[in-house]
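Presented below is the structure to which this report refers.
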Amino acid sequence: MYFSRGRSEGSEGVLNLVDETDAAWVQRVAPHMDEVLVDHAHCEKKAAGAAVKLLFSYPHHRFLQRPLAQLAREELTHFEQILAVLDQRGIVYRSLPPSPYGGKLHEQVRRDEPERALDVMLVSALIEARSCERMRALSLHLPDRQLANLYSGLLAEEARHHGVYLALARELADPEVVRTRFAELALVESEILRAEAPFPRLHT
Ligand SMILES: [Fe+2]
Ligand SMILES: [Fe+2]
Numbered sequence: 025m026y027f028s029r030g031r032s033e034g035s036e037g038v039l040n041l042v043d044e045t046d047a048a049w050v051q052r053v054a055p056h057m058d059e060v061l062v063d064h065a066h067c068e069k070k071a072a073g074a075a076v077k078l079l080f081s082y083p084h085h086r087f088l089q090r091p092l093a094q095l096a097r098e099e100l101t102h103f104e105q106i107l108a109v110l111d112q113r114g115i116v117y118r119s120l121p122p123s124p125y126g127g128k129l130h131e132q133v134r135r136d137e138p139e140r141a142l143d144v145m146l147v148s149a150l151i152e153a154r155s156c157e158r159m160r161a162l163s164l165h166l167p168d169r170q171l172a173n174l175y176s177g178l179l180a181e182e183a184r185h186h187g188v189y190l191a192l193a194r195e196l197a198d199p200e201v202v203r204t205r206f207a208e209l210a211l212v213e214s215e216i217l218r219a220e221a222p223f224p225r226l227h228t
């Protein structure tokens, strides 16, 4: 196993996450930033793809078309930004085994509608929140200041994406239903991250 866990617990209120990434996580990934950057490029591409997939799945939900079209565009811009950094640093963009994080989180999505749509929005909101929170930690603690600046430039948009998905969830269900289900999923998200990670990734 690449990492042991060691995050601070119980710090509520960070983008509605159950716990907060600490500087020790950054210290664990810092020696592997070439690999983390390749993983990050894949994450941006996947985030764009996930938003576009929702446009295809829910054409009857008119309210989500424009916000998710914009979000997908922004994620593809992030993808291009990370590809440029890979090129500047001579890092080869390649396939990597992904972190189990996204797959395990998506296992929580209920199969039948309308619960399925709500869960997809909330899982996406959680992934955006954790991405933002990890980027903030990297921006604060990475010794490589060029990369730290890259992350501080990206995190505001990821925070906005978190809010977009939460707002879409509130179009699909009552606020109390959204709050309760989000809290359940946030707990699972924290447990998934607590498990041992096989390799350095943005979501390990
Ligand atoms: Fe992004
Ligand atoms: Fe995002």
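Just remember that the numbering used here sits 24 ahead of the position in the sequence shown, which is counted from 1.
Beta carbons: idealized from backbone N, C-alpha and C, even for Gly.
Measuring only the C-alpha atoms, how far is residue i from residue j?
| i | j | result |
| --- | --- | --- |
| residue 202 | residue 223 | 33 angstroms |
| residue 109 | residue 60 | 12 angstroms |
| residue 157 | residue 192 | 21 angstroms |
| residue 31 | residue 63 | Confidence in residue 31 is poor, its pLDDT being 38 and thus under 50, which makes the residue's placement unreliable; the coordinate value appears in the next sentence. Looking at the two C-alpha atoms, the distance is approximately 21 angstroms. |
| residue 78 | residue 210 | 21 angstroms |
| residue 221 | residue 106 | 23 angstroms |
| residue 175 | residue 70 | 18 angstroms |
| residue 217 | residue 49 | 11 angstroms |
| residue 82 | residue 100 | 21 angstroms |
| residue 92 | residue 219 | 31 angstroms |
| residue 136 | residue 130 | 14 angstroms |
| residue 56 | residue 102 | 20 angstroms |
| residue 67 | residue 194 | 25 angstroms |
| residue 10 | residue 42 | Because residue 10 is not part of the residues shown, which for the chain are 25 to 228, the question remains open. |
| residue 169 | residue 80 | 40 angstroms |
| residue 97 | residue 199 | 28 angstroms |
| residue 186 | residue 119 | 27 angstroms |
| residue 112 | residue 172 | 15 angstroms |
| residue 90 | residue 177 | 24 angstroms |
| residue 141 | residue 94 | 19 angstroms |
| residue 181 | residue 74 | 16 angstroms |
With distances taken Cα to Cα, identify the nearest neighbour of residue i among the options.
| i | options | result |
| --- | --- | --- |
| residue 18 | 85, 163 and 176 | Absent from the structure is residue 18, since the part of the chain shown begins at 25 and ends at 228. |
| residue 160 | 80, 72 and 226 | 226 |
| residue 154 | 184, 166 and 167 | 184 |
| residue 215 | 69, 200, 150 and 181 | 150 |
| residue 65 | 180, 121, 168 and 46 | 121 |
| residue 40 | 204, 107, 221 and 219 | 204 |
| residue 212 | 126, 105, 176 and 94 | 126 |
| residue 134 | 47, 55 and 208 | 208 |
| residue 58 | 96, 114, 177 and 94 | 114 |
| residue 51 | 165, 206, 181 and 182 | 165 |
Give me, in chain order, the residues of the same chain whose beta-carbon lies closer than 6 angstroms to that of residue i; leave out the 5 immediate sequence neighbours on both sides.
| i | result |
| --- | --- |
| residue 28 | Only weak support exists for where residue 28 lies, its pLDDT of 29 falling under 50; the value from the coordinates is given anyway. Taken in chain order, the list of residues that qualify is empty. |
| residue 123 | 225, 227 and 228 |
| residue 72 | 96, 99 and 100 |
Sorted by chain position, which residues of the same chain lie with C-beta nearer than 7 angstroms to residue i's C-beta, five sequence neighbours on each side aside?
| i | result |
| --- | --- |
| residue 53 | 60 and 224 |
| residue 179 | 156, 159, 160 and 163 |
| residue 117 | 62, 65, 107 and 110 |
| residue 132 | 143, 147, 209 and 212 |
Skipping 5 residues on each side, what residues in its chain have a beta carbon closer than 8 angstroms to that of residue i?
| i | result |
| --- | --- |
| residue 189 | 145, 146, 148, 149 and 152 |
Does the beta carbon of residue i come closer than 8 angstroms to any beta carbon on chain D?
| i | result |
| --- | --- |
| residue 142 | Judged by its chain identifiers, the structure shown contains no chain D, having just a single protein chain. |
Unbroken stretches of the alpha helix (DSSP H), 4 residues or longer, contained in the segment 34-102: 47-53 and 57-81, all fully within the segment 34-102.
Specify which residues have a beta carbon nearer than 5 angstroms to any heavy atom of ligand 1, listing them in chain order. That query returns the following residues: 68, 99 and 102.
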